[in-house]
Each structure stands twice: as C-alpha cells, then as structure tokens.
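Notes to accompany the following structure.
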Amino acid sequence: MTSPGRASLSTDVLVVGAGPTGLMLATQLARRGVRATIIDRHAGPALQTRALGVQARTLELYSHLGIADRAVDLGKRATGANLWAEGRPTARIPLGDIGRELSPYPYLLILGQDDNERLLGETLRGHGMAVQWSTELVGLTQGADRVAARVRQPDGTVRELAAAWVAGCDGARSAVRELNRIAFEGAPYEHVFFVADTQVTGPMVPDEINVYLWRDGFHLFFPMRGTDHWRIVGILPAPLRGREDVGFDDVAPSIRREAGSVSVQTCTWFSTYRIHHRRAARFRDGRCFLLGDAAHIHSPVGAQGMNTGLQDSYNLGWKLSLVAAGRAGPSLLDSYEDERLPVAQRLLSTTDRAFMLAVSEGRLAGLVRTRIFARILAFAMRFRSIRELAFRTISQIGIRYPDSPLSETLPDLPATGPRAGDRFPWLRLKLSANGPAEDLFARLDDTRFTLVAIRQPAPQAPPGFDDLLRTLTIPADPVNERELARAGMPGRACYLLRPDGHIGLAGAGIESGAVARYLSERVGMGRTG
Ligand SMILES: Cc1cc2nc3c(=O)[nH]c(=O)nc-3n(C[C@H](O)[C@H](O)[C@H](O)COP(=O)(O)OP(=O)(O)OC[C@H]3O[C@@H](n4cnc5c(N)ncnc54)[C@H](O)[C@@H]3O)c2cc1C
3 MTSPGRASLS
13 TDVLVVGAGP
23 TGLMLATQLA
33 RRGVRATIID
43 RHAGPALQTR
53 ALGVQARTLE
63 LYSHLGIADR
73 AVDLGKRATG
83 ANLWAEGRPT
93 ARIPLGDIGR
103 ELSPYPYLLI
113 LGQDDNERLL
123 GETLRGHGMA
133 VQWSTELVGL
143 TQGADRVAAR
153 VRQPDGTVRE
163 LAAAWVAGCD
173 GARSAVRELN
183 RIAFEGAPYE
193 HVFFVADTQV
203 TGPMVPDEIN
213 VYLWRDGFHL
223 FFPMRGTDHW
233 RIVGILPAPL
243 RGREDVGFDD
253 VAPSIRREAG
263 SVSVQTCTWF
273 STYRIHHRRA
283 ARFRDGRCFL
293 LGDAAHIHSP
303 VGAQGMNTGL
313 QDSYNLGWKL
323 SLVAAGRAGP
333 SLLDSYEDER
343 LPVAQRLLST
353 TDRAFMLAVS
363 EGRLAGLVRT
373 RIFARILAFA
383 MRFRSIRELA
393 FRTISQIGIR
403 YPDSPLSETL
413 PDLPATGPRA
423 GDRFPWLRLK
433 LSANGPAEDL
443 FARLDDTRFT
453 LVAIRQPAPQ
463 APPGFDDLLR
473 TLTIPADPVN
483 ERELARAGMP
493 GRACYLLRPD
503 GHIGLAGAGI
513 ESGAVARYLS
523 ERVGMGRTG
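Start counting at 1 in the sequence shown, then tack on 2, and there's your number in my numbering.
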C-alpha cells in the first residue's frame with residue numbers, strides 16, 4: 003500500500019527503537035501493509051526481564067495479533083496478592099477473576115518484558131519486517147513533506163534516510179525528543195529502586211504476589227516461571243543510596259529481616275535504577291511522534307509502563323496506516339496527542355500518589371503502611387464495585403477518550419451504556435438467530451471500522467468506505483438481552499467502532515449518511531490534502 007507521490011522516500015514511517023513500544027508500532031504498520039523501517043541502536047533484543055505485568059487490555063490487543071494464548075501459556079496469572087505487615091500475614095486480595103465479565107483476560111499476567119518483546123518480534127517477522135539492529139538515529143531535519151533522518155549504520159558510517167513520518171519509540175533518553183527540542187518535564191525521585199531475579203525459598207505464598215510492607219518501605223515478590231523463582235523489587239535502604247557498586251548481597255539482609263526466613267539460592271539479575279516522573283511537553287512535532295517511555299516515565303507502581311507504551315502504539319498505528327496509505331488526511335494524526343497525552347498525565351499523577359504512599363518516610367507513614375493500609379485495602383476489595391473499578395483502572399480497559407475530536411455521541415443515544423470514546427465493552431452475543439453466543443472481541447477486525455447495530459438492521463456501508471467498514475447486527479434474543487442489560491444497554495443503539503475498539507460515533511440509530519459524514523469530517527477519510 004505505497005502512497006502516491008512518495009516514490010523518492012526511503013520509507014513511509016521510520017520507527018526508532020525496538021523495545022515493546024517500537025515493536026508494537028512496527029507490527030501494526032506491517033500488518034496493514036505500510037512501508038516502514040524499524041531501527042535500534044543495540045546489537046539485538048534486550049535480555050533482561052524489566053517490566054513484568056501484562057495488563058488485560060494488552061492481552062486483548064495481543065489476541066488480534068494471534069499471540070495472546072502464547073503469552074498466557076508462557077506467563078503466570080496473578081491469582082492473588084498477599085500483604086504482609088512487618089513479617090506477619092495481614093490480608094489476601096483475590097485477583098484471579100477480578101475482571102470477570104469485563105474482559106476475556108480478567109487477570110494480571112506476569113510475563114517478563116523480554117518474553118513480550120520476543121513474541122512481538124516474531125509477529126513482526128511474520129509480517130515480513132525485521133529490526134535493523136546496531137543502527138542509531140543521530141540527527142534529523144524536518145521538511146514540509148518529509149523528515150531527513152541521519153542514521154549510523156553497523157559499520158559506523160552515517161547515511162540519510164527520507165521518511166514521511168518518524169516515530170520516537172526510543173525510550174527515556176529519546177533522541178527523537180531531544181533532536182526536536184521537546185522538553186521532558188518532571189523530576190527524579192530521591193529513591194532508588196532495585197530489582198532482582200532470584201531463586202529463593204521462604205514463607206511467600208507460592209504462585210501469588212507477596213507484598214511485604216515495613217516501617218521504612220516495601221518489598222514485592224512476583225512469582226516467575228519455574229520453581230521458587232521470584233522477582234524481588236524494593237527501594238534501596240537509605241545508607242546504600244548514592245553507592246555505585248550495590249549488589250544483591252547488600253540488599254539481602256533487609257529482605258531477610260522483613261520477609262522472615264528467606265533463603266536465597268541464586269540471583270541471576272540485579273539492577274538498580276533511579277526513577278523519574280516526567281512527561282514530554284508535546285507528543286507530536288510536525289512529522290515526528292513520541293510514544294512509550296520517550297513520551298512519559300513514572301514509577302513502576304501498578305505495572306503500567308510497558309503497557310502504556312503498547313497502547314500508545316496501538317492508538318497511533320491505525321491512524322498512521324490510514325494516512326500513510328493516502329486514505330485519511332494528516333489531521334487525523336493530531337488525535338494521537340489529544341487522546342494519549344491526557345492518559346499519560348493521569349498516569350503520572352496516580353502513580354506518583356501511589357508511590358509516595360508506598361515510600362513515605364517517618365514514623366506516622368510507617369504506621370499507616372504497616373497497620374492501616376493493608377487492612378483498608380483488603381476490606382475495600384470485598385466490594386464488587388470497588389474490585390471492578392480497580393480492575394478497570396489498572397488493567398487499562400477503562401481508558402476513555404470522551405474529549406477526543408474523534409468521539410461523537412448523538413443526542414438520541416440512550417442515557418445509560420457506553421458513550422463515544424469508551425472502549426466498547428466485552429460481550430458474548432448471538433450474532434444470528436440460531437447461532438451460538440460468541441465472544442464479540444473475537445469477531446472484531448482491528449484493521450477496519452465496525453458498525454455494531456443493536457436491535458435493528460445494520461445500514462449499508464457508504465460507497466467508498468466499504469473495504470474499511472464491517473457491520474455486525476445484534477438481533478433481539480434472550481441471551482443478547484441479558485448481556486446487553488449487564489452492560490447497561492437497554493434500547494436501540496448503534497456504535498461505530500474505530501479499529502482500536504474504541505467507540506467513534508454512538509447513537510440510537512446511525513444511517514449510512516451519518517457514517518460517511520463521521521468518516522470524512524471527523525476521521526478525515528477521503529481528505530488527504
Ligand atoms: C530495571 C528496570 C525495571 C523495570 N521494571 C518495570 C516494571 O516492573 N513494570 C513496568 O511497567 N515497567 C518497568 N520498567 C519500565 C519498562 O521497562 C519501560 O516502560 C519499557 O521498556 C518502555 O518501553 P519502550 O519501548 O517505550 O522503551 P525501551 O524499552 O527503553 O526501548 C527503547 C529502545 O530504543 C532504542 N534506542 C534508544 N535511542 C535510540 C537511537 N537514537 N536510535 C535507535 N535506537 C534507539 C534502545 O536501544 C531501546 O531498545 C522497568 C525498567 C527498568 C530499566
């Protein structure tokens with residue numbers, strides 16, 4: 003799908019960085035036939051685990067790539083979180099089915115970033131695209147219709163690459179961000195994290211998350227693949243801060259003190275890192291975009307970092323594909339920042355508050371952490387509404403874009419139920435009178451728009467858009483009525499879903515002309531100038 007007038011370009015999209023964010027974006031582009039190039043300055047994939055938590059929303063988009071089942075097989079479901087206060091078991095929060103009825107993946111999956119990158123890399127190669135390793139972006143100049151990118155190649159020579167668009171997926175020290183002089187606003191925390199991949203035995207509840215809260219901080223134990231393998235995360239004790247040569251042996255005494263009779267067999271990886279909370283002032287500058295850690299970094303509380311980068315790419319991927327293919331005008335790309343910058347902003351403030359609660363020093367803070375917090379949390383999680391709210395927030399299925407220029411709710415839409423900007427809910431519906439109830443998400447094609455007509459026949463796809471639009475009719479049926487009632491959808495409704503599963507246009511009934519108007523006016527399709 004090469005765009006007209008781009009014959010002299012080396013590539014339509016240059017993706018800089020092959021971490022999870024870059025691999026996801028390149029995969030989204032490759033599967034839609036966009037001519038893209040992905041480079042990384044490292045010689046090959048990172049071997050460290052780093053991020054561990056894979057959220058439900060990420061698994062939902064992995065399912066469109068055909069890798070969700072493999073990810074689930076490779077990882078461990080977090081069935082529960084056990085809170086220990088000063089060495090004593092204090093509360094257990096069941097997590098196994100916390101998002102039941104909300105997502106086909108109602109849990110947090112524990113699967114290392116290296117495994118995620120491997121699955122994404124294989125998918126990318128399956129679509130005929132491979133990472134160009136040992137290739138570093140060293141300069142760029144933006145022009146009216148292209149970006150001239152200077153790239154250092156494996157042999158050390160620098161060549162120029164002409165790209166219509168550049169995606170900065172190049173991590174916290176993003177060259178794309180710095181070369182565009184985009185400020186990275188925020189600050190470092192004074193605390194230093196450590197992470198250790200270990201084989202240890204101790205009182206930890208096997209196969210579950212164990213959280214040790216103590217007066218001066220916390221230790222998290224995440225179960226990893228294999229027997230007695232745990233990822234331990236904690237804050238470096240204050241006397242060790244500022245030291246360059248800290249190793250696992252330095253932090254082991256504090257772990258033993260708090261977690262009780264822990265016996266360490268091996269530590270295969272140990273790293274410390276100073277975390278920052280920062281956000282890029284803009285996510286787009288002309289023909290360049292920032293995604294993932296290049297756009298936002300924050301504390302790892304809540305396992306959001308890698309997942310947010312993947313979602314950034316899923317958001318930009320379909321838009322950039324339509325524009326690169328000449329099917330939509332470049333104004334569609336403005337909605338990337340409109341939608342994802344507020345998400346990053348909220349994430350920074352919530353992870354900041356949670357982090358400060360977890361690390362605050364002083365006697366009172368220590369008492370709150372060890373005596374009050376665990377009990378309140380365990381009590382609150384007994385209530386279904388709180389469990390659901392927690393799951394929607396942490397799993398990222400609750401991310402909404404109500405203020406996006408792409409979101410339009412017509413005045414006749416029933417007052418309850420999903421609105422424009424929401425991720426369309428996960429439902430099991432009968433799509434024909436005599437058929438079985440089916441997982442609606444499995445029926446969505448994320449390379450197209452989908453018009454879902456509820457309790458009414460679907461309108462015809464408007465002329466000129468039929469290759470990019472599918473229709474699904476949800477007939478009146480007792481099974482469907484139960485499911486729709488559960489999602490608070492009582493009456494006739496029609497939803498035009500974007501390729502990423504968010505609702506673009508919502509109304510009681512949507513005629514073919516309204517679909518055509520939405521796609522041309524809001525999405526900019528057919529307006530490529
Ligand atoms: C020790 C550690 C532990 C972590 N633990 C967690 C956790 O438990 N949970 C969590 O959610 N997050 C965690 N994170 C954060 C998580 O790893 C990041 O959020 C995630 O890696 C972001 O992915 P990314 O693709 O945006 O950036 P990165 O993974 O940083 O990838 C950026 C890529 O760009 C490449 N690159 C950079 N500059 C250039 C250039 N000029 N030219 C070409 N290529 C370039 C780099 O080589 C790199 O491969 C951790 C991070 C670290 C360091």
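We put the CB at the ideal spot given by N, CA and C, even for glycine.
| Query | Result |
| --- | --- |
| Any idea if residue 537 is buried or exposed, counting beta-carbon neighbours within 10 angstroms, 16 or more meaning buried? | Residue numbering for the chain in the displayed model covers 3 to 531; residue 537 lies beyond these limits and cannot be assessed. |
| Should the stretch 193 to 200 be regarded as contacting the stretch 256 to 274, the criterion being three or more beta carbon pairs within less than 8 Å? | yes |
| In chain order, which continuous runs of the beta strand (DSSP E) of length 3 or greater are located wholly inside the stretch 37 to 96? | 38 to 41, 82 to 87 and 90 to 96 |
| Taking DSSP as the reference, what is the three-state secondary structure of residue 230? | coil |
| Is residue 3 helix, strand or coil by DSSP? | With a pLDDT of 39 at residue 3, under the threshold of 50, the modelled position of that residue is not reliable, and the figure given next carries that caveat. Here residue 3 sits in coil by DSSP. |
| What are the partner residues of residue 507, as DSSP defines its beta bridges? | 410 and 498 |
| Should the stretch 282 to 296 be regarded as contacting the stretch 311 to 318, the criterion being three or more beta carbon pairs within less than 8 Å? | yes |
| Nearest by alpha-carbon distance to residue 216: which of 443, 376 and 207 is it? | 376 |
| CA-CA distance, residue 365 and residue 359? | 13 Å |
| According to DSSP, which residues form a beta bridge with residue 290? | 168 and 287 |
| Judging by CA-CA distance, which residue of 374, 260, 505 and 238 is the nearest neighbour of residue 252? | 238 |
| Using the Cα positions of residue 176 and residue 248, report the straight-line distance between them to the nearest angstrom. | 27 Å |
| As a quick exercise: from 187, 304, 123 and 525, pick the residue whose alpha carbon is nearest that of residue 407. | 525 |
| Just checking residue 96 against ligand 1 - is the residue's beta carbon closer than 6 Å to any of the ligand's heavy atoms? | no |
| Mark residue 378 as exposed unless 16 or more other C-beta atoms lie within 10 angstroms of its C-beta, in which case mark it buried. | exposed |
| By how many angstroms is the C-alpha of residue 515 removed from the C-alpha of residue 502? | 22 Å |
| Between 142, 55, 82 and 66, which has its C-alpha nearest residue 116's C-alpha? | 55 |
| Considering only heavy atoms of ligand 1, does any lie closer than 6 Å to the CB of residue 42? | yes |
| When you compare only the Cα positions, how much space is there between residue 329 and residue 467? | 10 Å |
| Who are the near neighbours of residue 520 in its chain, counting only those whose CB is closer than 7 Å to its CB and skipping five residues on each side? | 410, 498, 506 and 507 |
| Taking 7 Å as the threshold (C-beta atoms), are residue 80 and residue 211 in contact? | yes |
| Any idea what DSSP makes of residue 320, helix, strand or coil? | helix |
| Is residue 36 near ligand 1 - that is, is its Cβ less than 6 Å away from at least one heavy atom of it? | no |
| Between the C-alpha atoms of residue 206 and residue 70, what's the straight-line distance to the nearest angstrom? | 28 Å |
| Assess, as a yes-or-no matter, whether the stretch 428 to 441 is touched by the stretch 101 to 120 under the definition of 3 or more beta carbon pairs within less than 8 Å. | yes |
| Could you tell me which of 355, 181 and 286 sits nearest to residue 191, measuring between CA atoms? | 355 |
| In chain order, what residues of the same chain have a beta carbon less than 8 Å from the beta carbon of residue 453, not counting five sequence neighbours either side? | 460, 461, 463, 471, 472, 473, 474, 496, 497, 498, 499, 512 and 517 |
| Since residue 271 sits in a beta bridge, which residues does DSSP pair it with? | 199 |
| Going by DSSP, what residue range makes up the beta strand (DSSP E) through residue 138? | 138 to 144 |
| Can you tell me whether DSSP reads residue 512 as helix, strand or coil? | coil |
| Can you say whether residue 362 is buried or exposed, counting buried as having 16 or more other CB atoms within 10 angstroms of its CB? | exposed |
| How is residue 17 classed by DSSP in three states: helix, strand or coil? | strand |
| Bridge partners for residue 177 per DSSP, in chain order? | Answer is none; residue 177 lacks a bridge partner. |
| DSSP three-state label for residue 153, please. | strand |
| Checking the sheet assignment: what are the DSSP bridge partners for residue 190? | 278 |
| Return yes when the C-beta of residue 437 is under 6 Å from any heavy atom of ligand 1, and no when it is not. | no |
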